[in-house]
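Enquirer: Before I ask anything, let me first share the structure, which is written out below as structure tokens.
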Amino acid sequence: MRLEIVCCDRVGIAQEVLEIFVEHKINLRGIELKQPGEIFINIPDLEFSELQTFMPRLRLIEGVNDVKTTPFMPSERERNELATLIKTFPDPFISIDAKGDIRIVNTVAAGIMGCKEHEVVGDNVSNWLKGFNFNRWLDADEVLAQTRRLKFQDDDFVADIMPIHVTDQSGIPVLAGAVLILKSEARLGQQISAFKQANENNFAGIQASSGSMRKVIREAKRMALLDSSMLIVGETGTGKELLAHACHAASDRSNKPFMTLSCAALPDDAAETELFGAGSQGDIKAKRGLFESADGGTIFLDEVGEMSPKLQIKVLRVIQDGIFRRVNDEAEIRVNVRIISSTNCDLLNMVSAGQFREDLYYRLNVLGLNIPSLRDRRSDIIPLAEFFIVKFGQRIGKTIVTMSDDCRDFIEHYPWPGNVRQLENVLIRAVSLMEGSIVMTSHLQLPAYTREHGYLEQEFVGTLDAAVKGFEANLLRKLYPAYPSTRQLAKKLGLSHTAIANKLREYDINKKTVKI
């Protein structure tokens, strides 16, 4: 019989409880104090009349709140829980004492030994496992965990050998033995193959029918296994973040965080706080930044070309030294993160123009990937479109959704300036709003386009002269940062110095109005 006594935490209360058992001459088989306020007692089964006699006395003790029977002691549950875990463990498991004698083996280990589990208890483990000196290891001044190849019944195994320490009354750890978990090299090989297959599956969600995209995926799979910084270059909407996430998931850091910062979405001060966190000030508690939160994992810097010069310096130091400081804090924090960046800009051109730090560029671009635009990998367009319409159709209960031949032809030859993201968004709208189960060209809300003439602006307003001037002004604003000298710009466009100077003056393009 087991009793649970719920009581307050009072000095002497356990002694008063035990005195009642002594008075009734009830033998105690076990007593456990799990935490303040809980006493568990194991006693022989009693007649109901005996229980009626001493149970009320227990409840009358000052501080005792309740006395009730319980089906098991806490240690019994823990012991059986551990026994169940060991018994069902899929690999051979052996527990030894501090002399190397076997205490416990599981069913798998006993099966390899060819005997019952209890029959090997007391045998020295060296009689069964060859290739490692257990006695010398156990007698060492410092017993550390080991991973070793050894022979178990003439078969090759890899063993994780982990010491068990118990803290004595003075707080000093005392060696109590060790546990061994063994994996056959054949089974380990299967697990490695499964791991590689799982890494392959991390890229399964990226459509790669075209030769150019398959090349990108092959390179990404190899780069994912490395730990160097990676720069992914591609137009907006090509799937740079999706590829970065797949590389993280296929890396050794996959079980650690993947944190994202859009460098173009936040002002400089906010981005700095988001990346590095902030120290406590008055009633404001300290805030962890992305670098701190991603320790051991990966940080994805989206559109890194938009990063301010101030932030570039700080990120460079983290990459070089693995150290940073929170905003408004002097304490240094050390982290271990992998940085994957993306950009739709020509960073090398920005370096030449002094808009991006050269040292940071080469730190970020240790491994480089270039994702082609959707119009440059047309064989991916229809498979992507079919995937999207089936996916969105299932969400709204349309189990069979197809495209008309005319729609397929239009989609395949449309230039898709917004790339995969634009294709996805257009098809979401089409599938959501259409009636029936066939996507027609008329369901696609896009600027009109023909192969011969390109985009047709159906709602064009204004004059030809205004349209030409607008195009001219936009072109000059784009070129001016790279050719800030009117003579250089004139030479680039094949015009006279005077003509370019007049046009820059007309469109108010100068070093004050255009960021160089």
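In our numbering, each residue's number is its place in the sequence shown (first place is 1) plus 713. Beta carbons: idealized from backbone N, C-alpha and C, even for Gly.
#1: Please report the straight-line C-alpha distance between valine 724 and alanine 962, rounded to a whole angstrom.
#2: Return the chain-ordered list of same chain residues with a C-beta closer than 6 Å to the C-beta of alanine 1180, the five sequence neighbours on each side being excluded.
#3: Which term fits alanine 796, buried or exposed, when burial requires 16 or more other beta carbons within 10 angstroms of its beta carbon?
#4: Quick check on the DSSP output: the beta strand (DSSP E) that includes proline 886 runs from which residue to which?
#5: For the stretch 1103-1118 and the stretch 1142-1154, state whether three or more C-beta atom pairs, one from each stretch, are separated by less than 8 Å.
#6: Taking only runs of the beta strand (DSSP E) that begin and end inside the stretch 852-887, which ones reach a length of at least 3 residues, in chain order?
#7: Count the other C-beta atoms from every protein chain shown that fall within 10 angstroms of the C-beta of proline 876, then say buried if there are 16 or more, exposed otherwise.
#8: Output the boundary residues of the beta strand (DSSP E) element that contains lysine 747.
#9: Run through DSSP, which three-state label would threonine 766 get?
#10: For my contact list, glutamine 1158 and valine 1133 are in at a C-beta cut-off of 8 Å; report their separation, rounded to the angstrom.
#11: Pull up the distance between the alpha-carbon of leucine 857 and that of glutamate 791, whole angstroms please.
#12: In the stretch 930-977, which residue ranges form an unbroken alpha helix (DSSP H) of at least 4 residues, counting only runs that do not cross its ends?
#13: What three-state label does DSSP hand valine 1152 in the structure shown?
#14: Looking only at C-alpha atoms, which of Ala811, Ile817, Glu745, Ala822 sits nearest to proline 787?
#15: Taking 9 Å as the CB-CB limit, is threonine 986 close to chain D?
#16: Could you check what DSSP says for glycine 1081 in three-state terms: helix, strand or coil?
#17: Grouping DSSP H, G and I as helix and E and B as strand, with all else coil, what is alanine 991?
#18: Please classify tyrosine 1168: is it buried, with 16 or more other beta-carbons within 10 angstroms of its beta-carbon, or exposed?
#19: For leucine 939, which of Glu763, Asn837, Val1079, Phe1101 has the nearest alpha-carbon?
#20: What first and last residue would you give for the alpha helix (DSSP H) that runs through phenylalanine 1013?
#21: Beta carbon of valine 1040, beta carbon of leucine 1073: below 9 Å?
#22: Spatial neighbours of valine 1227 within its chain, please: CB distance less than 7 Å, with the 5 preceding and 5 following residues excluded, ordered by chain position.
#23: First and last residue of the beta strand (DSSP E) that includes asparagine 778?
#24: So, with DSSP's three-state summary, where would you put phenylalanine 734?
#25: Find the nearest neighbour of lysine 1182 within the set Leu956, Ala959, Lys1216, judged by alpha-carbon distance.
#26: State the CB to CB distance for the pair alanine 921 and isoleucine 930, rounded to an integer number of angstroms; the pair is presumed to be in contact (CB under 8 Å).
#27: According to DSSP, is lysine 1225 helix, strand or coil?
#28: Below 8 Å on the Cβ atoms is my contact criterion, and I expect alanine 1007 with alanine 999 to pass it. Report the Cβ-Cβ distance as a whole number of Å.
#29: Can you find the residues in the same chain that come closer than 7 Å, C-beta to C-beta, to glutamine 903, ignoring five residues on each side of it along the sequence?
#30: Could you check where the beta strand (DSSP E) with arginine 1047 kicks off and where it finishes?
#31: Between the alpha carbons of serine 923 and isoleucine 1084, how many angstroms are there, rounded?
Expert: Straight from the coordinates:
#1: 55 Å
#2: none
#3: exposed
#4: 886-897
#5: yes
#6: 859-865, 868-880
#7: buried
#8: 743-748
#9: helix
#10: At roughly 17 Å, the Cβ-Cβ gap does not stay under 8 Å, so glutamine 1158 and valine 1133 are not in contact.
#11: Answer to the nearest angstrom: the Cα atoms are 26 Å apart.
#12: The DSSP assignment places complete alpha helix (DSSP H) segments of no fewer than 4 residues inside the stretch 930-977 at 953-962, in order along the chain.
#13: Strand.
#14: Glu745
#15: In the displayed structure, chain D is absent; only one protein chain is listed.
#16: strand
#17: strand
#18: Note that tyrosine 1168 has pLDDT 47, beneath the 50 cutoff, so the model's placement of it is unreliable and the number below is only indicative. The residue is exposed, with fewer than 16 neighbouring Cβ atoms inside 10 Å.
#19: Val1079
#20: Looking at the DSSP string, phenylalanine 1013 is not in any alpha helix (DSSP H); the run it does join, the beta strand (DSSP E), is 1011-1015.
#21: no
#22: Arg1190, Tyr1193, Pro1194
#23: 777-782
#24: In the structure shown, phenylalanine 734 sits in a helix (DSSP, three-state: H, G or I).
#25: Lys1216
#26: 5 Å
#27: coil
#28: In fact, because the Cβ distance is near 17 Å, the residues do not count as touching under 8 Å.
#29: Residue placement at glutamine 903 is flagged as unreliable, the pLDDT there being 47, under the threshold of 50; the coordinate-derived value follows with that caveat. Result list for glutamine 903: empty, nothing under 7 Å.
#30: 1045-1047
#31: 12 Å
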